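For reference, the structure discussed in these notes is given below.
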Amino acid sequence: MLVAAHCPPGTTSCDAAGSTISCSSCQDTWWGTMCENRCVSAHCPTGSAHCNAKNGTVSSCDYCDDGWWGVSCGNRCSSPHCPVGSVSCDPVTGAVDSCNQCSDGWWGTQCQTQCSSENCPLGVVSCDAATGSATSCRYCNDGWWGEICQDKCDPGHCKENSIICDDVSGDAISCDYCEEGWWGTTCTEKCSSTNCVDGYVHCDHESGETIACDACEDGWWGPTECDDGWWGVRCQTECSSGNCPDGSVSCDHESGAPTSCNQCNNGYWGPTSLRELF
């Protein structure tokens, strides 16, 4: 026989034998003809749900299971960068309090901060969800390699900042520009020409074709041209003349003797500014 344990006093109806057959209302959190059923909502802790005494429809909960919010705890807590089921939030407003884990690439109490590492492109970094310390990068900025892109690619004979290397091994892949005297995809080939002194050859950085020599081997001669305004075995010395402004002088690329000036210092004139005005 059912016992009307959850019917408030004075709400029971009984048969001729005195047995309770129904209740006109139920104690809070119970429902049914004789208030025999506990109000239940999937995400309300036992005993915290309030419902219609006749049909059991939940109207509200005193509090919610962790990860849920709303009047009857029907809404799952969520945050853009927290995996589903990892979020704790305010049971009334749904405002996120914390996440117990973050989506890859994010960190912080609420996973609100994007992982970053100095030499990794944004969006490819994994990091510690609590501290933000980078743990790995899917790939690196050009010129860097390593698990978190912490190692600079060895330039070899590539001009600085022009090398691209393997993100994992650090092996050179390509160079945009080579140092003078070197050529090839990774600038590993030394420029050479049969009758040029080793180390004094300029060549095309892609094909290796000789462009010029700074010095010929004994018994040979030919063009060993410097850029205008420079002279010397390796074109390392700027042309100068006492009566010409710096940068205005052309000279013999072997001896450095001035051949012309495109302007003169005050008080001088002539092709090489050697003539003094009177």
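For the sequence shown, our numbering gives the first residue as 125, with consecutive numbering after it. For glycine and all other residues, C-beta sits at the position ideal for the given N, C-alpha and C. Given the structure is predicted, the values throughout are model-derived calculations rather than measurements.
Tell me whether residue i counts as near the ligand SAM, meaning its Cβ is closer than 7 Å to at least one heavy atom of that ligand.
i, result
"residue 281", "Ligands displayed in this structure: none; no statement on the ligand SAM is therefore possible."
Can you tell me which residues form a DSSP beta bridge with residue i?
i, result
"residue 313", "307"
"residue 200", "192"
"residue 287", "299"
"residue 223", "211"
"residue 161", "155"
"residue 337", "325"
"residue 173", "185"
"residue 217", "DSSP output for residue 217 lists no bridge partner at all."
"residue 373", "385"
"residue 320", "340"
Just mark residue i as buried or exposed, buried being the case when its beta carbon has 16 or more other beta carbons within 10 Å.
i, result
"residue 309", "exposed"
"residue 128", "buried"
"residue 368", "buried"
"residue 216", "exposed"
"residue 155", "buried"
"residue 264", "buried"
"residue 338", "buried"
"residue 391", "exposed"
"residue 203", "buried"
"residue 402", "Note on residue 402: pLDDT 46, under 50, position unreliable in the model; no value is reported."
"residue 138", "exposed"
"residue 196", "buried"
"residue 148", "exposed"
"residue 382", "buried"
"residue 183", "exposed"
"residue 253", "buried"
"residue 257", "exposed"
"residue 255", "exposed"
"residue 288", "buried"
"residue 326", "buried"
"residue 291", "buried"
"residue 234", "buried"
Look up residue i in the DSSP assignment and say whether it is helix, strand or coil.
i, result
"residue 362", "strand"
"residue 187", "coil"
"residue 388", "coil"
"residue 146", "strand"
"residue 368", "coil"
"residue 137", "strand"
"residue 401", "Confidence at residue 401 is low in this model, with a pLDDT of 46, below 50, so its placement is unreliable and the value that follows should be read with caution. Note: residue 401 maps to coil in three-state DSSP."
"residue 131", "coil"
If we cut at 8 Å on Cβ distances, does residue i have a partner in chain D?
i, result
"residue 302", "The structure shown has no chain D; it contains just one protein chain."
Please give the ranges of any beta strand (DSSP E) in the segment 238–289, keeping only runs that are unbroken, at least 3 residues long and fully inside the region.
249–251, 258–261 and 287–289
Do the segment 288–301 and the segment 316–327 meet, that is, are 3 or more Cβ pairs less than 8 Å apart?
no
Inter-stretch contact at 8 Å, needing at least 3 Cβ pairs: the segment 203–213 / the segment 165–184
no
Would the segment 228–240 and the segment 267–279 be scored as touching if the rule is three or more Cβ pairs under 8 Å?
no
Is the segment 242–253 touching the segment 277–285 in the sense that three or more CB pairs, one from each, lie closer than 8 Å?
Counting Cβ pairs under 8 Å, fewer than three are found: no touch.
Is the segment 187–199 touching the segment 156–163, taking contact as three or more C-beta pairs under 8 Å?
no
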